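Visitor: Structure incoming, see below.
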Amino acid sequence: MLPPGGQHNNGQTRKQMKEIVVLSGKGGTGKTSIVASFASLAESKVLADCDVDAADLHLLLNPKISEEKEFWSGQVAYIDQEECTECGLCQELCHFGAIKDFQVDPLLCEGCGFCYRVCPVDAVTMQDSMSGHWFMSETKYGYLCHARLGIAQENSGKLVTVVRQNARLIAERENLDCIITDGPPGIGCPVISSLSGASLALLVTESSLSGIHDLERVLGVCRHFGIPALVCINKYDINQENTKKIESYCLDQGVVVVSKIPFDNVVTEALIKGLPVVEYSDGTPSREIKKLWQFIAKALS
Amino acid sequence: MIISVASGKGGTGKTLVASSLALSLSDKQKLQLLDCDVEEPNANILLHLPINQTERVYIPVPKVDEQKCTYCGKCAEVCAYNAIAVVKEKVLVFPELCHGCGACSYLCPESAIADEGREVGTVERGHSGNLEVIQGKLNVGEAMAPPVIREVKKHIDPANTTIIDVPPGTSCPVIEAINGSDFCVLVTEPTPFGLNDFSLAVEVVKKLGIPSGAVINRVGIGDDKIEQYCHRERIPVLLRIPLDRDIAILYSKGIPLVEGMPRWREPFLRLFEDIQEVVTARRAAQ
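Chains as they are written, first to last, in our numbering: chain C, 1 to 301; chain G, 302 to 587.
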């Protein structure tokens, strides 16, 4: 992760280009379906999928990859069994429990290099690790920047930073107004990397107690990094009582609930057809998402 | 036996499955539920166990004694995360970047660096009857979940069954949570997103060498591609839960499925027996 706000190259580009990040805390509240619809509705934009370890936006946008690069980040320790005298110092000192029986478990190794530096017989080497791929693609809705973290890899936050940098490069080159980012679930490393320095966060929640709890925590992260937030309650009609709780909580916090979308299987039907829901149906969810985008477009301008 | 419940995609029903499995078993045996989704811990929203113990989780970050420091720069040289810098006669520490590896304090030639604990989260414990819940909570604004997950897992009691609620995704917090499990239940839903993320989760358990089986939630919402995939990849489908507005309403109110609809106890007990069979057979083979 980078220090908050430390990723922007200069203040000038920030003034012109806006970046909205869609987050939720809890997974499965509908972030990607909403972002795919924004892709269809917004005009001058780049799309960025920052959920690098379980990316799904490409399934709806059908990207044609124009550039693909390996993402090398961090290192993993390796012990040469021929050299190792089994003194056990590295095992004793490793704070991550990554060395057992004088062998490094690459899944647990955080690449700090402590073992490499203390080994009295230089039996440890540090090897660069390829932890994923990133892509710049074209879709019928415009450019998409996305990535795939390798299975069980570290450094998702750094890969998110690369995706955002790519999106910013394209937006600047093509003189586009905004970046629309599909964020990861949770509140940790990749969320912080997706959020820091953005113009606005849209928090998509649902009318369950977990949805409320997770909204409170992700709103806390937005506050921590000074990013203004708006709230959308998806599947609000599953539990109207909870929806009222969310509304009154948001009122207390001074956060605007900009949209309430009812549960409707048409959202999944659209997904199976591989289409953003606003292109598949004229029903209530589509109408609500269109209103939501109008609100956000205004908030960004 | 340690059973982890994971998914790849968020919101497929991990916590619903983990809580219902734990409650179904707790009639007959002592067990633990570990909530390792420390970024968004939700299991106790369903279990409602009284929390009576809270421990803080610290990671060691360097504290430099400027009296002893000669500004030689060794600490900055050895730090793989750029969390410490020496500028002229000043040492700058960036605690958010520090992974707490301990290299700088150990390797400082003047012994000028001590480890200072920085709080990154908490571990909360509570129990009722046979069931104990242990949940990790990452502090808001903190980036690194694995240290909190490691602390939660230190409480595993090998004498009893442990169920682990795993965070979504496929990266380091997921590995930290699943590693060491005897079996991994992968909860998914029959949609294109569900299938894509399920196939990633399958790669994770394969890489870790942990046997797994699928629970398909919201059956009826989408298509049958997930069933075809499981068939092709020889992943047993252990349980199917239908798309049912009443189940969603129970969950929204924080009521576990097996409490709101007791007829679901039986299928969850069978799920456990199926898992036990796989684990026993595997242990016998080893």
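Even glycine gets a Cβ: it sits at the ideal position worked out from N, Cα and C. This structure is a prediction, so every number in the text was calculated from the model and none was measured.
Closer than 8 Å between beta carbons: that is the criterion. Which residues of the segment 109-122 of chain C meet it against chain G?
Guide: Residues 110, 111, 112, 113, 114, 117 and 118.
Visitor: Using DSSP with H/G/I as helix, E/B as strand and the rest coil, what is residue 329 of chain G?
Guide: Reduced to three states, the DSSP call for residue 329 of chain G is coil.
Visitor: If you draw a straight line from the C-alpha of residue 168 of chain C to the C-alpha of residue 411 of chain G, how long is it?
Guide: Distance between the alpha carbons of residue 168 of chain C and residue 411 of chain G: 45 Å.
Visitor: Could you name the residues that DSSP lists as bridge partners for residue 128 of chain C?
Guide: BP columns for residue 128 of chain C point to C/75.
Visitor: Work out the CA separation of residue 112 of chain C and residue 386 of chain G for me, nearest whole Å.
Guide: Approximately 16 Å between the Cα atoms of the pair.
Visitor: Go through its chain and collect everything with a Cβ distance to residue 206 of chain C's Cβ below 6 Å, but skip five positions before and after it.
Guide: If we look at residue 206 of chain C and ignore the five residues flanking it on each side, its Cβ neighbours are 29, 234 and 235.
Visitor: Could you tell me the alpha carbon to alpha carbon distance between residue 128 of chain C and residue 110 of chain C, rounded to whole angstroms?
Guide: Rounded to the nearest angstrom, the two C-alpha atoms are 12 Å apart.
Visitor: Can you tell me the Cβ-Cβ gap for residue 280 of chain C and residue 288 of chain C, rounded? I've got them flagged as a contact below 8 Å.
Guide: Incorrect: roughly 14 Å between the Cβ atoms, too far for contact.
Visitor: Would you give the residue range spanned by the beta strand (DSSP E) that residue 19 of chain C belongs to?
Guide: 18-23 is the extent of the beta strand (DSSP E) around residue 19 of chain C.
Visitor: Check whether chain G comes within 9 Å of residue 128 of chain C, counting only Cβ atoms and requiring the distance to be less than that.
Guide: Taking Cβ atoms only, chain G never reaches closer than 9 Å to residue 128 of chain C, which makes this a no.
Visitor: Check residue 482 of chain G in the structure and name its three-state DSSP category.
Guide: Residue 482 of chain G: coil per DSSP, three-state reduction.
Visitor: Is the shortest distance between the beta-carbon of residue 189 of chain C and the beta-carbons of chain G less than 9 Å?
Guide: Chain G contact via Cβ: present.
Visitor: For residue 229 of chain C, which beta-bridge partners are listed by DSSP?
Guide: In DSSP, residue 229 of chain C forms a bridge with C/201.
Visitor: Do you know offhand how far residue 252 of chain C's Cα is from residue 245 of chain C's?
Guide: C-alpha separation (whole angstroms): 11 Å.
Visitor: So which residues of chain C does residue 498 of chain G contact, with C-beta pairs closer than 8 Å?
Guide: Here the neighbours are 54 and 56.
Visitor: Buried or exposed: which applies to residue 393 of chain G, given that a residue is buried once 16 or more other Cβ atoms fall within 10 Å of its Cβ?
Guide: Exposed, since its Cβ has fewer than 16 Cβ neighbours within 10 Å.
Visitor: Any Cβ of chain G within less than 9 Å of the Cβ of residue 283 of chain C?
Guide: For residue 283 of chain C, the answer is no, since every Cβ of chain G falls outside 9 Å of its Cβ.
Visitor: For chain A, find out if any of its Cβ atoms is closer than 9 Å to the Cβ of residue 323 of chain G; answer yes or no.
Guide: No chain A is present in this structure, whose protein chains are C and G.
Visitor: If you reduce the DSSP assignment to three classes, tell me which class residue 94 of chain C lands in.
Guide: It is coil, neither helix nor strand.
Visitor: Is it right to say residue 498 of chain G is buried, meaning 16 or more other beta carbons lie within 10 angstroms of its own, or is it exposed?
Guide: The residue is buried, with at least 16 neighbouring Cβ atoms inside 10 Å.
Visitor: Roughly how many angstroms separate the alpha carbons of residue 508 of chain G and residue 161 of chain C, rounded to a whole number?
Guide: Going from the Cα of residue 508 of chain G to the Cα of residue 161 of chain C covers about 26 Å.
Visitor: By how many angstroms is the C-alpha of residue 178 of chain C removed from the C-alpha of residue 19 of chain C?
Guide: Roughly 5 Å between the two C-alpha positions.
Visitor: Relative to the alpha-carbon of residue 452 of chain G, which residue among G/370, G/379, G/423 and G/586 has its alpha-carbon at the smallest distance?
Guide: Looking at the Cα atoms, G/423 is the closest of the given residues.
Visitor: Starting from the Cα of residue 191 of chain C, find the closest Cα among C/52, C/41 and C/43 and give me that residue.
Guide: With distances taken between Cα atoms, residue 191 of chain C lies closest to C/52.
Visitor: Quick one: Cα of residue 478 of chain G to Cα of residue 338 of chain G, how far?
Guide: One C-alpha to the other measures close to 8 Å.
Visitor: With DSSP run on the structure shown, which of helix, strand or coil describes residue 494 of chain G?
Guide: Three-state DSSP puts residue 494 of chain G in a helix.
Visitor: According to DSSP, is residue 417 of chain G helix, strand or coil?
Guide: Strand, per DSSP.
Visitor: Going by CA-CA distance only, name the one from C/200, C/150 and C/58 that's closest to residue 301 of chain C.
Guide: When only C-alpha atoms are compared, the closest one is C/200.
Visitor: To the nearest whole angstrom, what separates the beta carbons of residue 480 of chain G and residue 333 of chain G, a pair I think is in contact under 8 Å?
Guide: Rounded, the Cβ-Cβ distance is 17 Å, inconsistent with contact.
Visitor: Residues of the segment 26-40 of chain C in Cβ contact with chain G at a cutoff of 8 Å, in chain order, please.
Guide: Cβ contacts with chain G: 26, 27, 28, 29 and 32.
Visitor: Taking 7 Å as the limit between beta carbons, can you name the residues of its chain near residue 273 of chain C, skipping five residues before and five after?
Guide: Closer than 7 Å at Cβ, skipping near neighbours: 280.
Visitor: Is the beta carbon of residue 186 of chain C closer than 9 Å to that of residue 474 of chain G?
Guide: In this structure, residue 186 of chain C lies closer than 9 Å to residue 474 of chain G by Cβ.
Visitor: Can you find at least 3 beta carbon pairs, one from the segment 142-161 of chain C and one from the segment 62-73 of chain C, that sit closer than 8 Å?
Guide: Touching, yes.
Visitor: Using a Cβ cut-off of 9 Å (strictly closer), state whether residue 494 of chain G contacts chain C.
Guide: So, interface residue.
Visitor: Report the neighbours of residue 468 of chain G on chain C: residues whose CB is nearer than 9 Å to its CB, in chain order.
Guide: Ordered by position in chain C, the residues that pass the 9 Å Cβ test against residue 468 of chain G are 27, 185, 186 and 188.
Visitor: What residues from chain C crowd round residue 508 of chain G, counting only those whose CB sits closer than 9 Å?
Guide: Per Cβ cutoff of 9 Å: 107, 151 and 152.
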